[in-house]
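Written below as structure tokens is the structure these notes are about.
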Amino acid sequence: MIRIALLGFGVVGSGTAEVLTENRVLLAARAGEELDIRYILDRREFPDHPLGDRVVHDIAPILADPEVRVVAEMMGGAHPAYEFTRAALEAGKSVVTSNKEVVATFGAELLALARAHGVSYLFEASVGGGIPIIRPLRDDLSSNRILSVSGILNGTTNFILTEMGESGATFASALAEAQKRGYAEADPTADVEGLDAARKIVILAALSFGVLLSPSEISVKGITHLTEEQTAVAESLGCAVKLIGHTERIGNRVLALVAPHMVPEGNPLRHVSGVYNGILVDGNMLGRAFFYGAGAGKLPTASAVVADILNAVSPAEKLQLPAWRVATDADDASPEQHRVRRCFVLSGCANCAEKTKPFFGYDSYVVRGNSFAFISRPMVEAEAVEALRSCGKQLIWTMPVVD
19 MIRIALLGFG VVGSGTAEVL TENRVLLAAR AGEELDIRYI LDRREFPDHP
69 LGDRVVHDIA PILADPEVRV VAEMMGGAHP AYEFTRAALE AGKSVVTSNK
119 EVVATFGAEL LALARAHGVS YLFEASVGGG IPIIRPLRDD LSSNRILSVS
169 GILNGTTNFI LTEMGESGAT FASALAEAQK RGYAEADPTA DVEGLDAARK
219 IVILAALSFG VLLSPSEISV KGITHLTEEQ TAVAESLGCA VKLIGHTERI
269 GNRVLALVAP HMVPEGNPLR HVSGVYNGIL VDGNMLGRAF FYGAGAGKLP
319 TASAVVADIL NAVSPAEKLQ LPAWRVATDA DDASPEQHRV RRCFVLSGCA
369 NCAEKTKPFF GYDSYVVRGN SFAFISRPMV EAEAVEALRS CGKQLIWTMP
419 VVD
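The numbering used here applies: residue 19 is where the sequence shown begins, and numbers increase by one.
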């Protein structure tokens with residue numbers, strides 16, 4: 019019998035209990051033993067829940083119970099989740115988690131601690147909900163040198179941008195609709211300002227390049243400034259505006275950022291709509307791989323947690339834990355201005371469209387009133403800005419393009 023403790027019994031925690039209960043026969047066959055929820059740590063009581071008698075309000079009995087082999091942490095927030103995770107690993111228990119904030123902030127330390135105690139620290143559910151992306155990057159693509167990872171990592175913002183692009187909704191009305199449907203929190207700041215996606219891209223960067231950057235020190239731009247006019251211009255060029263988390267290695271440094279991007283036709287991220295997520299991985303041997311699915315939600319995320327529970331009790335799993343080092347700004351983090359990409363440019367001088375073609379290298383453009391829009395050749399975004407200003411042309415806005 020594999021004894022499990024759940025830390026947190028909210029949406030993901032209760033979903034994890036549901037998956038463990040509904041699929042108990044299947045899971046027992048795959049694990050070779052039955053999986054049993056021994057404890058549920060939460061501040062609340064659940065007298066009407068079938069597992070209500072498993073609830074405890076202190077982590078001490080969980081840490082002291084030698085039969086508990088796996089702790090599933092789904093509390094959210096950095097504290098006390100970090101402290102509870104450390105204590106569980108030090109007690110010789112494997113930990114699986116959906117907590118992106120803890121992984122993005124303390125992942126290097128916790129992975130080292132797990133290795134030191136011969137247990138596992140797994141976090142498939144921390145990025146992409148039910149989309150398998152952590153394990154493929156860690157194991158299945160280990161023969162590849164990862165070149166870049168780009169993805170739609172937040173379902174709330176993708177729903178809002180889909181509504182703005184396809185229906186012409188304003189940001190405010192699209193956000194209100196997301197909240198009405200339960201896709202956005204009452205306080206949506208972490209989503210719409212890009213903070214949630216920043217934690218996720220930091221985790222993907224660490225898996226790809228072995229360096230854990232700080233979410234608070236990478237470039238993060240949200241979507242609150244976007245207008246329906248901007249999304250309409252994008253559509254006229256055959257593009258969609260998406261909030262993209264991106265990471266790549268530039269020389270010996272790692273770049274990670276979150277920002278709105280133009281996604282052209284032909285890129286699989288172009289048609290990732292609603293609350294779905296999509297992640298593109300470029301490897302030097304594999305080429306491009308695309309991961310798509312439900313990026314959030316009770317059962318999709320819980321299914322990833324339970325998959326990690328199965329992996330945590332695999333004898334070989336602890337031998338495969340990655341080793342990350344914490345980034346130092348001077349040596350590891352690459353500034354955004356070094357990134358070379360095609361750029362979307364909207365200029366306020368429509369009659370200059372033909373004159374600027376040679377420098378920017380575009381084949382076609384769209385005129386809207388007194389403005390014109392185009393997608394440039396690959397360049398540093400600041401180069402496009404400076405070129406227009408030096409020619410005396412009015413720059414309205416620019417946006418990087420995902421190729």
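For every residue, glycine included, the Cβ atom is placed at its ideal position computed from N, Cα and C. A quick note: this is a predicted structure, and the numbers were derived from the prediction, not measured.
Check the Cα spacing between G292 and each of K260, N162, F102: the tightest is with K260. In the structure shown, E283 falls within a coil segment according to DSSP collapsed to helix, strand and coil. With contact defined as three or more Cβ pairs closer than 8 Å, the region 90–99 and the region 295–311 are not in contact. Under the three-state reduction of DSSP output, Y383 falls in the coil class, being neither helix nor strand. In terms of Cβ geometry, V384 and V88 do not form a close pair [threshold 9 Å]. S166 places its beta carbon 9 Å or farther from that of E235.
Between the region 316–326 and the region 32–40 there are three or more C-beta pairs closer than 8 Å, enough to call the two in contact. In the DSSP assignment, A90 forms a beta bridge with L24, V114. Checking the DSSP bridge columns, you'll see F308 partnered with L298. At a Cβ-Cβ threshold of 9 Å, L273 and R357 count as neighbours.
The C-beta distance from L339 to Y139 rounds to 7 Å, short enough to fall under 8 Å.
Of the residues assessed, S365 falls on the buried side of the cut-off, its CB having 16 or more other CB atoms within 10 angstroms. Within the DSSP bridge table, the entry for L128 names no partner. Looking only at N388, A400, L406, the smallest Cα-Cα distance to K373 is reached by L406. Residue burial annotation: T346 is exposed, with fewer than 16 other C-beta atoms found within 10 angstroms of its C-beta. Residues of the same chain with a CB within less than 7 Å of the CB of R288, apart from the 5 flanking positions on each side, are A258, V281, P282 in chain order.
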